[in-house]
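Throughout, my numbering is defined as the position within the sequence shown, counted from one, plus 13. Ideal Cβ positions, reconstructed from N, Cα and C, are used throughout, including at glycine. Notes to accompany the following structure.
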Amino acid sequence: MSDHKKVVSQLLEEDYRYAAVLHQFGIDFFDYLNHTLAEACRISKVEPVRIQDQLEENSLWAAELSKDYRYYAPGRLVTHLQKSHHNYAQVMLPIIQHHIERSAQQLGKEYPHLHLLNNIFDSFRKDFLAHIHYENTVVFPYIKKLERNSMSFSNNFLLEVKSFSLDHFIMKHAHDDDDMLVLRKLTHNFKSDSSDHIAYRILMRELHDFEQDLQVHSLVEEQVLLPKVQKLEKALMNKVKELLKSN
């Protein structure tokens, strides 16, 4: 049987990622559990093939997590991380937030902790969006500028290097880890089993996947990008010292 003829609840049992893809096309799976995918798409005026295509595209993005980024130049790393930020802000966070809200509304009596989860995740989401905005508008432009000026530089840029601090960048990552720890404790490490409602199981998988993605993202920033940036800064300052000695 082709997927578009299957009932949405069956598709979700086979692959929970359909929940996120349906949301991307304005289809809330909560409202279509007993409809076929074709029916849900017809009502929402979406071609079923677009759902399949998006599912494959999301799978390609997930494959990005397994790449070895150690040999990427800082600028290329920044470009990758900016794409991750876009995915967080425009896809993952809104979808998870919506699924928490709907789950709390419909399953709150069965899972009372969902109401608290909703409040905690909303606070986390706002803080996290502010953090990635800071990285996108302050940290990443600085890194790209540092890479461009590794061979030639101005006095103004040297002042910028001396005044710039990566401490806030590092400390915010620790704060994000603390927030995720709260979410893990509340949900018992995002635990669910076959007896749980399908919406709850999907939500736990999405939270687990988000945390895994975030851990890889943080490792790339902290263990790959940051040492490269510090190396560039050190090389630049050594070059300045050599120039001062020669004058």
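Pick from the options: whose alpha carbon is nearest that of residue i?
{"i": "Lys19", "options": "Arg89, Pro61, Met193 and Phe177", "result": "Pro61"}
{"i": "Ser136", "options": "Leu25, Phe203, His210 and Gln110", "result": "Gln110"}
{"i": "Asp206", "options": "Arg197, Met217 and Leu196", "result": "Met217"}
{"i": "Val91", "options": "Glu148, Leu68, Lys80 and Glu27", "result": "Glu148"}
{"i": "Ser41", "options": "Arg115, Leu94 and Leu171", "result": "The residue asked about is misnamed: residue 41 is Asp in this sequence, not Ser. Cα-wise, what sits closest to Asp41 is Arg115."}
{"i": "Arg197", "options": "Val233, Ile211 and His221", "result": "His221"}
{"i": "Val104", "options": "Asn47, Arg30 and Ala51", "result": "Arg30"}
{"i": "Leu46", "options": "Glu26, Tyr101, Ile133 and Trp74", "result": "Glu26"}
{"i": "Gln37", "options": "Arg63, His210, Asp140 and Asp191", "result": "Arg63"}
{"i": "Asp209", "options": "Ser15, Gly121 and Ser72", "result": "Gly121"}
{"i": "Met193", "options": "Asp226, Ala212, Lys158 and Ile215", "result": "Asp226"}
{"i": "Asp16", "options": "His48, Gln95, Gly39 and Phe43", "result": "His48"}
{"i": "Asn251", "options": "Asn131, Ser163, Asp28 and Glu224", "result": "Ser163"}
{"i": "Phe43", "options": "Cys54, Ser22, Asp28 and Val34", "result": "Ser22"}
{"i": "Val174", "options": "Lys247, Tyr85 and Gln228", "result": "Lys247"}
{"i": "Leu35", "options": "Ile215, Thr200 and Leu199", "result": "Ile215"}
{"i": "Phe223", "options": "Arg89, Leu68, Tyr101 and His112", "result": "Tyr101"}
{"i": "Leu50", "options": "Ser231, Trp74, Leu199 and Leu24", "result": "Leu24"}
{"i": "His230", "options": "Asn132, Asp28 and Phe141", "result": "Phe141"}
{"i": "Glu69", "options": "Ile156, Gln119 and Asp28", "result": "Asp28"}
{"i": "Ile108", "options": "Arg89, Gly39, Ile156 and Leu73", "result": "Gly39"}
For residue i, is the classification buried or exposed, using 16 other Cβ atoms within 10 angstroms of its Cβ as the cut-off for buried?
{"i": "Val151", "result": "exposed"}
{"i": "Ile56", "result": "exposed"}
{"i": "Ala143", "result": "exposed"}
{"i": "Pro240", "result": "exposed"}
{"i": "Pro154", "result": "exposed"}
{"i": "His99", "result": "exposed"}
{"i": "Glu234", "result": "buried"}
{"i": "Leu129", "result": "exposed"}
{"i": "Glu219", "result": "buried"}
{"i": "Ala212", "result": "buried"}
{"i": "His261", "result": "As displayed, the chain neither begins before 14 nor continues past 260, which places residue 261 out of reach and without an answer."}
{"i": "Arg138", "result": "buried"}
If you draw a straight line from the C-alpha of residue i to the C-alpha of residue j, how long is it?
{"i": "Val59", "j": "Glu77", "result": "28 Å"}
{"i": "Arg83", "j": "Tyr124", "result": "42 Å"}
{"i": "Lys204", "j": "Ser79", "result": "24 Å"}
{"i": "His146", "j": "Asn202", "result": "28 Å"}
{"i": "Ile32", "j": "Ser97", "result": "Looking at the sequence itself, residue 32 is Ala, so the reference to Ile does not match. Between Ala32 and Ser97, the C-alpha separation is close to 20 Å."}
{"i": "Ser176", "j": "Phe170", "result": "10 Å"}
{"i": "Pro87", "j": "Glu52", "result": "47 Å"}
{"i": "Lys258", "j": "Lys158", "result": "25 Å"}
{"i": "Gln243", "j": "Gln236", "result": "11 Å"}
{"i": "Leu106", "j": "Lys254", "result": "46 Å"}
{"i": "Ala117", "j": "Leu94", "result": "32 Å"}
{"i": "Asp238", "j": "Glu160", "result": "Just to set this straight, residue 238 is Leu in the shown sequence, not Asp. Cα to Cα, Leu238 sits roughly 12 Å from Glu160."}
{"i": "Leu232", "j": "Gln65", "result": "31 Å"}
{"i": "Gln67", "j": "Ala75", "result": "12 Å"}
{"i": "Thr200", "j": "Asn132", "result": "14 Å"}
Sequence ranges, alpha helix (DSSP H) only - wholly within the segment 52-119, length at least 4: The segment 52-119 contains these whole alpha helix (DSSP H) runs: 61-76 and 87-100.
Alpha helix (DSSP H) runs wholly inside the segment 200-253, at least 4 long, in chain order: With a minimum length of 4 residues, the continuous alpha helix (DSSP H) runs that stay inside the segment 200-253 are 211-232.
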